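Below: the structure, in structure tokens.
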Amino acid sequence: MALKRTKIVDIFSPELVGEQVCVKGWVRTRRGNKHVQFIALNDGSTIKNLQIVIDLEKFSDEELKPITTGSSLHVEGTLVASQGKGQSVEVQAQTIEVYGTADPDEYPLQKKGHTLEFLREKAHLRMRTNTFGAVFRIRHHLAFAIHKFFNDKGFFYMNTPLITASDCEGAGDMFQVTTLNLGDLPKNEDGSNDYSKDFFGKPTSLTVSGQLEGELGATSLGAIYTFGPTFRAENSNTPRHLAEFWMIEPEVAFNDITDNMDLAEEFIKYCVQYALDHCKDDIEFLNQMYDNTLIDRLQGVLKQDFVRLTYTEGIKILEQSGKKFEFPVKWGVDLQSEHERYLVEQHFKRPVILTDYPREIKAFYMKLNPDNKTVAAVDCLVPGIGEIIGGSQREDDYAKLKARMDELGMKESDYDFYMDLRKYGSVRHSGFGLGFERLILFVTGMQNIRDVIPFPRTPKNANF
Ligand code: 4AD
Ligand code: MG
Numbered sequence: 029m030a031l032k033r034t035k036i037v038d039i040f041s042p043e044l045v046g047e048q049v050c051v052k053g054w055v056r057t058r059r060g061n062k063h064v065q066f067i068a069l070n071d072g073s074t075i076k077n078l079q080i081v082i083d084l085e086k087f088s089d090e091e092l093k094p095i096t097t098g099s100s101l102h103v104e105g106t107l108v109a110s111q112g113k114g115q116s117v118e119v120q121a122q123t124i125e126v127y128g129t130a131d132p133d134e135y136p137l138q139k140k141g142h143t144l145e146f147l148r149e150k151a152h153l154r155m156r157t158n159t160f161g162a163v164f165r166i167r168h169h170l171a172f173a174i175h176k177f178f179n180d181k182g183f184f185y186m187n188t189p190l191i192t193a194s195d196c197e198g199a200g201d202m203f204q205v206t207t208l209n210l211g212d213l214p215k216n217e218d219g220s221n222d223y224s225k226d227f228f229g230k231p232t233s234l235t236v237s238g239q240l241e242g243e244l245g246a247t248s249l250g251a252i253y254t255f256g257p258t259f260r261a262e263n264s265n266t267p268r269h270l271a272e273f274w275m276i277e278p279e280v281a282f283n284d285i286t287d288n289m290d291l292a293e294e295f296i297k298y299c300v301q302y303a304l305d306h307c308k309d310d311i312e313f314l315n316q317m318y319d320n321t322l323i324d325r326l327q328g329v330l331k332q333d334f335v336r337l338t339y340t341e342g343i344k345i346l347e348q349s350g351k352k353f354e355f356p357v358k359w360g361v362d363l364q365s366e367h368e369r370y371l372v373e374q375h376f377k378r379p380v381i382l383t384d385y386p387r388e389i390k391a392f393y394m395k396l397n398p399d400n401k402t403v404a405a406v407d408c409l410v411p412g413i414g415e416i417i418g419g420s421q422r423e424d425d426y427a428k429l430k431a432r433m434d435e436l437g438m439k440e441s442d443y444d445f446y447m448d449l450r451k452y453g454s455v456r457h458s459g460f461g462l463g464f465e466r467l468i469l470f471v472t473g474m475q476n477i478r479d480v481i482p483f484p485r486t487p488k489n490a491n492f
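Numbering (the numbering used here), first residue to last: 29 to 492.
Following this line, the structure appears as structure tokens:
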């Protein structure tokens, strides 16, 4: 009977020492001398490589020739306690089958370290490196943690549409979805495009947020969360923006702005704790390789209460800082990343939840405060990144929402379903959106959002 494969993540358990094992994976390195050769084998299940020891009396040069960096192997042999340092066990090879070779003159991932920029060009192979293996294992565990967090709290996972006819954020940076022939568009008499001929009979786009539909779920099921792809055609070539990213949007009936902040803080801390508990090897690797303050920073987040402060107070602190910002601050301006980072990294030195922004710089659906100037917005800012969460208490008063939409020139008929919510059993409710990749940046300490999603989409880049 064929020997069953053991994943490398499971091979380091003491019971297996002395046993025959079967392992499969890709060669990271091969080194050695005329008597013995060592292969570092990795199968993606863990950052750890397994050392395969080859006695050159048992294998010919011909057999070993195709075993180069990047080739894939099936190895059977005895698992023994290792004499060398750097690993607790190793496999003394008895049989080696080469599944696939990797021409050393062509294989792009050679032994020496590559820059993250170079690896971005090789995104189809970069998951085979230590760094990206670690990042994408952490990404998985965080996704799982998010579902677990909400499931354990009795939230329902809701799938909102990706193709939509309404613009949630009102920012207008949407990707249009059409089956019309762009070279020969059907026209109305006035020369405008005749969307009645389009697939959905009207203009549609990829969603910028599942929130509007999420609110419908929350005011029916009580508490929901979405977790799905989100699309923004904003032309921001920054280390924190993607054109296609993943967002988690919880929405809860009866929650006010304070409940919303409590949920956001608990949620972020849960994710950080989960990663520290379940991704120890990978986080330690990143801490050692890139940023030796990472683990301290993550542990610090767990210990401290997030600062809660209004936008107006935040602006005062920025004005009094005496710092020359690229974008000058005064009450009413939208905060730039440099402002957010000043507050969290220099002034408070911990995460900050900013609330009550001027209504002019926030979306139409946010609850108007009694001052008639600000809305019940909630933005959570973290060190190294700036905004990681954006949310609010929602305007649940039909007349106020209608007035705001009128001001903005929004057509009520485009938002019938959303207005109905304010007509039938309207209740206070709140929610927020967490950018999944920004959370991964925070937990891994990586600096560029292109390095925490397998195949990033950014302006002029849709490869793979
Ligand atoms: O602040 P935003 O635009 O809020 C909303 O979309 C609300 N509808 C959420 C809600 O209340 N349900 O986006 C939420 C978060 C941001 O804080 C940021 O973390 C992330 O989504 N985000 C992006 N991440 C990567 N690339 C982009 N282009 C992003 N735009 C927003
Ligand atoms: Mg925002």
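Quick reminder that beta carbons are idealized off the backbone N, C-alpha and C, glycines included.
Since we're looking at a predicted model, the values are computed, not measured.
**OP:** In angstroms with no decimal places, state the Cα-to-Cα distance between residue 505 and residue 192.
**Re:** Since the first residue of the chain shown is 29 and the last is 492, residue 505 is not available in this structure.
Original post:
Taking 6 Å as the cut-off, is the CB of residue 239 close to at least one heavy atom of the ligand 4AD?
Top reply: At a threshold of 6 Å, residue 239 counts as near the ligand 4AD, since its beta carbon sits closer than that to one of the ligand's heavy atoms.
Original post:
What are the partner residues of residue 254, as DSSP defines its beta bridges?
Top reply: Within the DSSP secondary-structure output, residue 254 pairs in a beta bridge with 277.
**OP:** Apply the 10 Å Cβ neighbour rule to residue 70 and answer buried if 16 or more other Cβ atoms are within range, or exposed otherwise.
**Re:** The C-beta of residue 70 has 16 or more other C-beta atoms within 10 Å across all chains shown, which makes the residue buried.
**OP:** Within 10 angstroms of the Cβ of residue 111, are there 16 or more other Cβ atoms? Answer buried if so, exposed if not.
**Re:** So residue 111 counts as exposed.
**OP:** State the start and end residues of the unbroken beta strand (DSSP E) segment that holds residue 338.
**Re:** Counting along the chain, the beta strand (DSSP E) containing residue 338 begins and ends at 335-338.
Subject >> Top-ranked residue by Cα proximity to residue 210, from 226, 200 and 197 >> reply: Ranked by Cα distance from residue 210, the options 226, 200 and 197 are led by 226.
Subject >> Paired residues, beta bridge with residue 394 - DSSP >> reply: For residue 394, which the question treats as bridged, DSSP gives the partners 422.
Original post:
In this structure, does DSSP put residue 189 in helix, strand or coil?
Top reply: Three-state result, residue 189: coil.
**OP:** Below 6 Å CB to CB, which residues in the same chain sit around residue 80 once its five sequence neighbours on both sides are set aside?
**Re:** So the list reads 67, 69, 103, 119 and 121, once near-sequence residues are dropped.
Original post:
Going by the C-beta, is residue 418 closer than 6 Å to any heavy atom of the ligand MG?
Top reply: Residue 418 Cβ: within cutoff of the ligand MG.
Original post:
Is any heavy atom in the ligand 4AD found nearer than 6 Å to the beta carbon of residue 275?
Top reply: It does: the Cβ of residue 275 is within 6 Å (strictly closer) of some heavy atom of the ligand 4AD.
Original post:
Can you give the beta carbon distance from residue 372 to residue 410, rounded, assuming they're within the 8 Å contact cut?
Top reply: For residue 372 against residue 410, the beta-carbon gap comes to about 6 Å, under 8 Å, which counts as contact.
**OP:** Confirm the yes/no value for this check: CB of residue 197, any heavy atom of the ligand 4AD, distance under 6 Å.
**Re:** Distances between the C-beta of residue 197 and the heavy atoms of the ligand 4AD include at least one below 6 Å.
Original post:
Among 316, 77, 74 and 63, which residue has its Cα nearest to the Cα of residue 86?
Top reply: Comparing Cα-Cα distances from residue 86 to each of 316, 77, 74 and 63, the minimum goes to 63.
**OP:** Taking only heavy atoms of the ligand 4AD into account, decide whether any of them is closer than 6 Å to the Cβ of residue 369.
**Re:** Residue 369: no, Cβ never under 6 Å from the ligand 4AD.
**OP:** Name, in chain order, the residues that DSSP records as bridge partners for residue 59.
**Re:** Bridge pairing for residue 59: 66 [DSSP].
**OP:** For the segment 434-449 and the segment 318-335, state whether three or more C-beta atom pairs, one from each stretch, are separated by less than 8 Å.
**Re:** They do not touch, by the three-pair rule.
Subject >> Cut-off 6 Å between Cβ atoms - residues of its own chain near residue 334, not counting five sequence neighbours on either side >> reply: 293, 379 and 381, listed in sequence order.
Original post:
Buried or exposed: residue 359, going by 16 or more other Cβ atoms within 10 Å of its Cβ?
Top reply: Classification of residue 359: exposed, given that the 10 Å Cβ count is below 16.
**OP:** Would you mind reading off the limits of the alpha helix (DSSP H) that contains residue 300?
**Re:** Segment 285-306, the alpha helix (DSSP H) holding residue 300.
Original post:
With respect to 6 Å, is the separation between the Cβ of residue 457 and the closest non-hydrogen atom of the ligand 4AD below this value?
Top reply: False, no ligand heavy atom lies under 6 Å from that Cβ.
Original post:
When the Cα of residue 312 is compared with those of 407, 158 and 101, which residue comes out closest?
Top reply: Closest by alpha carbon: 158.
Original post:
Which residue's Cα is closest to the Cα of residue 362: 204, 255 and 389?
Top reply: Comparing Cα positions, the closest option is 389.
Original post:
Mind checking residue 38: buried by the 16 CB within 10 Å criterion, or exposed?
Top reply: So residue 38 ends up on the exposed side.
Original post:
Is any heavy atom in the ligand 4AD found nearer than 6 Å to the beta carbon of residue 415?
Top reply: Between the ligand 4AD and the CB of residue 415, the shortest heavy atom gap is smaller than 6 Å.
Original post:
For the segment 164-180 against the segment 298-305, are there 3 or more C-beta pairs whose distance is under 8 Å?
Top reply: The segment 164-180, when compared against the segment 298-305, does touch it at the 8 Å Cβ threshold.
Original post:
Just to confirm, are residue 415 and residue 368 a CB contact at a threshold of 7 Å?
Top reply: Taking 7 Å as the Cβ cut-off, residue 415 and residue 368 qualify as a contacting pair.
Original post:
Since residue 83 sits in a beta bridge, which residues does DSSP pair it with?
Top reply: Paired residues: 64.
Subject >> Three-state secondary structure assigned by DSSP to residue 402 >> reply: Residue 402 falls in the strand class under three-state DSSP.
**OP:** Can you grab the Cα-Cα spacing for the pair residue 234 / residue 46, in whole Å?
**Re:** Between the alpha carbons of residue 234 and residue 46 lies a distance of about 56 Å.
**OP:** Please report how far the alpha carbon of residue 128 lies from the alpha carbon of residue 462, in whole angstroms.
**Re:** Taking the straight line from one Cα to the other gives about 41 Å.
Subject >> Helix, strand or coil at residue 377 [DSSP, three-state] >> reply: Assignment of residue 377 by DSSP, reduced to helix, strand and coil, places it in the coil class.
Subject >> Inter-stretch contact (C-beta, 8 Å, three-pair minimum) for the segment 247-263 and the segment 272-280 >> reply: Touching, per the Cβ criterion.
Original post:
Quick one: what's residue 123 bridged to in DSSP?
Top reply: According to DSSP, residue 123 bridges with 104.
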